[in-house]
Amino acid sequence: MSLFGPGIGECIVVHVGGGDWIIVDSCIDRSSRGPIALKYLRSLGVNVESQVKLVVATHWHDDHIQGLAEILDAAKSARFVNSAAYALKDLMRLVVLGNAMPPTSSATREYDAIVKVLKERRDASERREAVGPIPALANKKILAQTVRTAACSLEVEIYALSPSDGVFNIAHHIAQHELSDAFSAIQHGRRPVVQGPNQLSVVLWLKVGALDVLLGADLEHVAGATEGWRAIVHSRERPSGKASCFKVPHHGSRNADCPESWTELLSAKPIAMLTPHAPSGLPKDADIARLCARTPFVYLTGDPARYGRPRRDNAVEKTLREVTLSRRAVSGRMGHVRLRADAIDSGQEPLVELGNGAQQLCA
Amino acid sequence: MIPSTSYQDAILRPGSSDIGVLFAARQEDLQKFLYRRLAKPVPSGTNYITQALFEGQEPRAPEDVLVRLPSLRQSKWKVTVLQKWVGRVEEVQADRFSAALVDATNSRNPIEQVEFDMREVSESDRSLLAVGATFYWSIGYRHTPGGQVERISSLRFARLPRLSELDVTRMFAEADQLAAFLERD
Amino acid sequence: MRTPDSEGASIVMIGSFNPSIFQPLWLGTQQLIRPEEARNATITTIQAEITDFSTEWFQLQVLQTRFTIVSADPRQYGPLRDLVIGMFAILPHTPITAIGLNRHFHFRMSSIDVWHKIGHLLAPKEPWHAIMKGPGLRSMTMLGRREEGNKGILEVKVEPSVKTQPGLFVEVNEEFKPPSDGQPEGAQWVPACLAAQWDATITSAETAAEHLLDLVKE
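Protein chains in written order, with the working numbering: chain L, 1 to 363; chain C, 1001 to 1185; chain D, 2001 to 2218.
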């Protein structure tokens, strides 16, 4: 499993056995100007067209879906999964409003491109179940297969753990509110700012043989028992087991921290990985301290404090100093945290590799 | 209108009641033009439509005006751009605003978060300054007709058309159709 | 890219227009340009058959069958696109049958020899010696597509520059037609086409010019 993060955005690529892969969210690699997932998989010799089985958009914030359409276009055997919380009609309306005028919002532009890819495949008579969009909701199994090798067979199951039932009612209100705001912006000649809330995120539970992995998306922890992490923890229908690997939600923010999830969903001292969100300064020092108190194995794809500003022509640099009050880079190298674990023998020590500025956080 | 077939047939009489210029459907195609003679003299550059409206009259289309297609003029100012960004406003305060800048000169450069003094924004663009608004920022040099070189920083907010309810209704209808298509099995 | 001596970009559309609509005052009222730009525009003519005016950063000329907007200010290529999108978002029923996106450059060559070198490379003289004395490249246009599958027709023109001597003029033009075969949809296809293609055309024009200059390592 690989987690990529350049300071804005993240992408997770998981080998689920038998040469099959899933991709969760997407971000752009600036050097190749394409989605990092495709660059990475091709570097491993993976045939993206046939070996990628699922492409998941956990939620449609700008920084989680950039390049997803290109991935979907290349991964012709993959099914597209997104949150069931937004009705497709509301989502499509938000997309057209977001794209109403250039420069279009990258989220709605990306979603528009995703829809075009889906439509092409559906036009070629592929059914929804084979193409998508597959609506993800709490405790729905979105992938189940048996991987057989000469030595053994491996059961693979992937579940969505959210959005929970409690979110559906508010999702519709949220969508109407966003549509109304977007319409008002357009009427004033402004480009709408359209983003669904984190509460509609798709959290995934992966069972690959003996391994359980929890991918936390950007889901937040709220007071209500029918939403957020509480709804997952208290769900009776969720898959059993405890995850030994955890993609920490929402860049480690306090808003997304649910103490119960660590005791109920995760094994003792799991491997925790997360990406920074440089514009908002996440994770903060307090977030890192909190994570390290729970497990010593915390890995971050990169440190925004080390993101260098590009050096430009002298005249440009001089003008920048004169004109701007402050300036900082909020994206940097595509940090990479890679976990390799044996899905058959859970006694084997997993191996974590860090690349491109990724670091282990706890001393 | 009397279409003529030959450039040589067109008569150029500046200062007379004819506005003398050659009007061509394509700049390079001097064989096609319109020949119209004005009913009464109109000074060059006059907008006869707005003038008539201003005077409370019905605009009367001139008859038989021979109009030359003005050539596309070169600007006397030369601007050399060293660096361009497209920015999106993230926060607005009374005297400053912050924005995320995407490098439009070299897309490999990282996104930068920058704070500007409000005075960098032209007065007539201030009404466009809001969270989510897009702007173009360039740094470069300008060469004046007098030979002066000036280093410049130009910030201009994107101006977008105001779409009507009808436009939005049409867009929603297309969106709903697409959603229905994707939703079916 | 090497700094050109001068450059410009333009959007040309073929269709059926009412030139007298396209007045600075109209653009100002629609808030597509600044009020000061509308007030201070230099009007050459506004008539039923032709409108021509210029502001600080663009010149607009509209005939009954042709719309041309041009800017020589590279800071304004994005706003130029936005302005055209804005105009035809308000006039969606204007029949438009083709859009041409153009960028041109005048590059100064370091010497007349370098200038000849490009001409020799692009149009070797040997085949012409049998039929004329002193052959030289007057103008050359290549036709193709920006990339495989791209819908626009790409033309790149190379000529000796008449503005800059010795100099090279490079013009890149990409033409697009409405998406539905034989069924123009007024101007409704224009905003999407411009939004999708303008930036790429502007960038690819730089790439094309850079490539041509690299042929002689200028």
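Note that beta-carbon positions come from the ideal geometry of N, C-alpha and C, so glycine has one too.
Owing to the predicted nature of the structure, the values given are computational and were not obtained by experimental measurement.
Interface residues of chain C facing residue i [CB-CB closer than 9 Å]
i: L:Q187; result: R1162, L1163, S1164, E1165, V1168
i: D:G2119; result: Chain C residues near D:G2119: none, gap ~23 Å exceeds 9 Å.
i: D:I2085; result: L1160, P1161
i: L:R191; result: R1088, G1132, A1133, T1134, A1158, L1160
Contact set between residue i and chain D, taken where Cβ atoms lie within less than 8 Å
i: C:A1158; result: G2078, P2079, D2082
i: C:T1080; result: T2003, P2074
i: C:S1098; result: Those do not exist, as C:S1098 stays about 21 Å from chain D at its closest Cβ, beyond 8 Å.
i: C:V1086; result: G2078
Paired residues, beta bridge with residue i - DSSP
i: C:Q1083; result: C:I1139
i: L:H250; result: Answer is none; L:H250 lacks a bridge partner.
i: C:T1134; result: C:R1088
i: L:A329; result: C:E1112
i: L:V156; result: L:Q145, L:V208
i: L:W21; result: L:H15, L:V52
i: C:D1103; result: C:W1085
i: D:I2096; result: D:G2015
i: D:Q2061; result: D:D2052, D:T2068
i: C:S1153; result: C:I1139
i: L:M273; result: L:K247, L:Y299
i: D:H2104; result: D:G2008, D:E2171
i: L:V81; result: L:V56, L:I134
i: L:Q360; result: L:Y299
Chain D residues whose Cβ lies nearer than 7 Å to that of residue i
i: C:S1153; result: Residues of chain D passing the Cβ test: none, with the nearest at roughly 10 Å.
Amino acids of chain C, ordered along the chain, whose beta-carbon sits closer than 7 Å to that of residue i
i: L:T324; result: V1114, E1115, F1116
i: D:A2089; result: P1161, L1163
i: L:G332; result: P1110
i: L:R33; result: S1107
i: L:V8; result: The sequence as given places Ile at residue 8 of chain L; Val does not occur at that position. Simply I1111.
Proximal residues of chain L, C-beta to C-beta of residue i below 8 Å
i: C:F1135; result: Within chain L, no residue comes near C:F1135; the closest Cβ sits about 10 Å away, beyond 8 Å.
i: C:Q1083; result: R312, D313, V316
i: C:A1094; result: None at all; the shortest Cβ gap to chain L is about 13 Å.
i: C:E1174; result: V96
i: C:E1120; result: V323
Contacts that residue i makes with chain C (C-beta to C-beta distance below 8 Å)
i: D:E2036; result: S1124
i: D:S2204; result: The contacting residues do not exist; D:S2204 stays about 13 Å from chain C at best.
i: L:F183; result: V1168
i: L:K119; result: L1178, F1181, L1182
i: L:R290; result: Chain C residues near L:R290: none, gap ~25 Å exceeds 8 Å.
i: L:R122; result: F1181, L1182
i: L:R30; result: S1107, R1108, N1109, P1110
i: L:R115; result: Reading the sequence as shown, one finds Val at residue 115 of chain L and not Arg. Chain C residues near L:V115: L1178, L1182.
i: L:R127; result: D1185
Cβ distance (whole Å) where residue i is taken to contact residue j below 8 Å
i: L:I364; j: L:V330; result: In the structure as shown, chain L begins at 1 and stops at 363. Residue 364 of chain L is therefore absent and cannot be evaluated.
i: L:F4; j: L:G335; result: 7 Å
i: L:V167; j: L:G216; result: Actually they do not touch by this definition, with Cβ atoms about 15 Å apart.
i: L:P197; j: L:I174; result: 6 Å
i: C:A1179; j: L:K89; result: 4 Å
i: L:S201; j: L:D218; result: 5 Å
i: D:G2086; j: D:Q2030; result: 7 Å
Under 7 Å from the C-beta of residue i: neighbouring residues of chain L
i: C:A1179; result: L88, K89, M92
Interface residues of chain L facing residue i [CB-CB closer than 9 Å]
i: C:S1138; result: Here the premise fails: no neighbours, minimum Cβ distance about 10 Å.
i: C:Q1148; result: Here the premise fails: no neighbours, minimum Cβ distance about 16 Å.
i: C:A1104; result: Per Cβ cutoff of 9 Å: no residues; C:A1104 is ~10 Å from chain L at best.
- Message: So if I threshold CB-CB distances at 7 Å, which residues from the segment 2156-2169 of chain D count as touching chain C?
- Response: For the segment 2156-2169 of chain D, the beta-carbon criterion of a distance under 7 Å to any beta-carbon of chain C is satisfied by none of its residues.
- So does the segment 2036-2049 of chain D actually touch the segment 2071-2082 of chain D, counting three or more Cβ pairs closer than 8 Å? Taking 8 Å as the limit for Cβ pairs, the verdict is that the segment 2071-2082 of chain D does not touch the segment 2036-2049 of chain D.
- Message: Tell me which residues of the segment 193-207 of chain L have at least one Cβ-Cβ distance to chain C shorter than 8 Å, keeping chain order.
- Response: Contact residues of the segment 193-207 of chain L toward chain C are V193 (C-beta to C-beta distance below 8 Å).
- Using a Cβ-Cβ cut-off of less than 7 Å, give me the residues of the segment 299-328 of chain L that come near chain C, in sequence order. Here the close residues are Y307, R309, P310, R312, D313, A315, V316, T319, V323, T324, L325, S326, R327, R328.
- Query: Listed in chain order, which residues of the segment 259-279 of chain L have Cβ atoms closer than 7 Å to some Cβ of chain C?
  - Reply: Answer in chain order: P279.
- Message: Closer than 8 Å is the cut-off here; do at least three beta carbon pairs connect the segment 2089-2096 of chain D with the segment 2014-2029 of chain D?
- Response: Per the Cβ contact rule, the segment 2089-2096 of chain D is in contact with the segment 2014-2029 of chain D (3 or more Cβ pairs under 8 Å).
- chain C contacts from the segment 2024-2053 of chain D (Cβ-Cβ distance under 8 Å): Cβ contacts with chain C come from L2025, Q2030, Q2031, L2032, I2033, R2034, P2035, E2036, I2043, T2044, T2045, I2046, Q2047, A2048, E2049, I2050, D2052.
- Message: Give me the subset of the segment 54-74 of chain L whose CB atoms are less than 8 Å from a CB atom of chain C, sorted by chain position.
- Response: Hits within the stretch: zero.
- Are the segment 278-286 of chain L and the segment 251-270 of chain L touching by the rule of at least three beta carbon pairs closer than 8 Å? In short, these stretches touch, since the Cβ pair count reaches three.
- Three CB pairs or more closer than 8 Å across the segment 258-271 of chain L and the segment 319-333 of chain L: No contact exists between the segment 258-271 of chain L and the segment 319-333 of chain L.
- Could you tell me whether the segment 78-87 of chain L touches the segment 27-46 of chain L, using the rule of 3 or more Cβ pairs below 8 Å? Two segments are said to touch when three or more pairs of C-beta atoms, one from each, lie closer than 8 Å; by this definition the segment 78-87 of chain L does not touch the segment 27-46 of chain L.
- Query: Any chance the segment 2096-2106 of chain D sits against the segment 2186-2199 of chain D, with 3 or more Cβ pairs inside 8 Å?
  - Reply: Contact between the segment 2096-2106 of chain D and the segment 2186-2199 of chain D is present, because at least three Cβ pairs lie under 8 Å.
- Query: So does the segment 1168-1183 of chain C actually touch the segment 119-133 of chain L, counting three or more Cβ pairs closer than 8 Å?
  - Reply: Judged by Cβ distances under 8 Å, the segment 1168-1183 of chain C makes contact with the segment 119-133 of chain L, as three or more pairs qualify.
- State whether the segment 2130-2143 of chain D contacts the segment 1155-1170 of chain C, with contact taken as three or more CB pairs (one from each stretch) at a distance under 8 Å. Under the three-pair Cβ rule at 8 Å, the segment 2130-2143 of chain D does not count as touching the segment 1155-1170 of chain C.
- Message: For the structure I just gave you, are there three or more beta carbon pairs, one from the segment 1113-1126 of chain C and one from the segment 2107-2124 of chain D, closer than 8 Å?
- Response: Counting Cβ pairs under 8 Å, fewer than three are found: no touch.
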